[in-house]
Amino acid sequence: MKVLIATDGSELALHAVSRGVELLGSVESVTVLAVLTDSPGDDAGGIEGSTESPAEAAAELVSEEGAAAAAIDAAIDALPEPLRARAMRRVEAGDAGPMIAWVAAHEGTDVIVMGSHGRGAFKRALMGSVSEHLVRHAPCPVLVIRSGV
Numbered sequence: 009m010k011v012l013i014a015t016d017g018s019e020l021a022l023h024a025v026s027r028g029v030e031l032l033g034s035v036e037s038v039t040v041l042a043v044l045t046d047s048p049g050d051d052a053g054g055i056e057g058s059t060e061s062p063a064e065a066a067a068e069l070v071s072e073e074g075a076a077a078a079a080i081d082a083a084i085d086a087l088p089e090p091l092r093a094r095a096m097r098r099v100e101a102g103d104a105g106p107m108i109a110w111v112a113a114h115e116g117t118d119v120i121v122m123g124s125h126g127r128g129a130f131k132r133a134l135m136g137s138v139s140e141h142l143v144r145h146a147p148c149p150v151l152v153i154r155s156g157v
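Going by the numbering used here, the sequence shown opens with residue 9, and the numbers climb by one from there.
Rendered as structure tokens:
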């Protein structure tokens with residue numbers, strides 16, 4: 009089974025890695041994906057372009073890439089020993105839900121594993137839900153692990 013693990017580096021995402029792989033049983037390959045997303049502050053509110061200087065934007069990108077690498081490392085560390093050495097790392101940029109679905113489609117993924125933050129309906133309506141998007145639009149089954157299970 010070819011598994012795509014989507015991580016944001018949170019404790020819940022790490023729990024989803026270990027619990028998801030445990031539930032799936034036979035896993036042949038794992039790709040761990042972190043998606044760099046545009047932050048809401050990057051929008052200049054109707055003014056064309058960003059309000060950040062090029063130096064600020066470059067520093068933010070380096071910081072985000074470092075955080076993504078750390079999130080991927082932590083997720084790989086949460087895998088059972090035989091899978092750690094074979095795990096592939098992948099960082100993409102874009103809107104998390106559509107990007108995860110795109111990667112799953114292009115890699116021939118059998119199942120996506122991810123955590124769910126369990127936001128209430130109000131926050132989900134405002135910010136959207138990556139897990140909800142994937143359940144509706146992913147090209148393969150999605151295993152969503154919530155906290156406490």
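We treat Cβ as the ideally placed atom computed from N, Cα and C, and that holds for glycine.
- Contact between the segment 115-124 and the segment 147-157 is present: 3 or more CB-CB pairs across the two stretches fall below 8 Å.
- If you look at residue 123, you'll find it in the beta strand (DSSP E) that goes 119-124.
- Nearest to residue 107 by alpha-carbon distance, out of 92, 139 and 86, is 139.
- Residue pairing from DSSP places residue 154 in a beta bridge opposite 124.
- Residue 94 carries a coil assignment under DSSP once its states are collapsed to helix, strand and coil.
- Here residue 97 has 40 and 80 as same chain residues with Cβ atoms under 7 Å from its own Cβ, once five neighbours each way along the sequence are excluded.
- With a threshold of 16 other beta carbon atoms within 10 Å, residue 85 falls short and is exposed.
- Taking 8 Å as the upper bound for CB-CB distance, residue 87 and residue 95 are in contact here, some 6 Å apart.
- Here residue 64 is not bridged, per DSSP, to any residue.
- For residue 139, the enclosing alpha helix (DSSP H) begins and ends at 138-145.
- Cβ-Cβ distances below 6 Å link residue 143 to 150 in the same chain, with the five nearest sequence neighbours on each side left out; the list follows chain order.
- A residue is called buried once 16 or more other Cβ atoms fall within 10 Å of its Cβ, and residue 25 is buried on that count.
- Here residue 12 is buried, its C-beta having at least 16 other C-beta atoms within 10 Å.
- With fewer than 16 other beta carbons inside 10 angstroms of its own, residue 63 counts as exposed.
- Note on geometry: alpha-carbon atoms of residue 157 and residue 21 lie some 12 Å from one another.
- Counting along the chain, residue 31 sits inside the alpha helix (DSSP H) bounded by residues 19-32.
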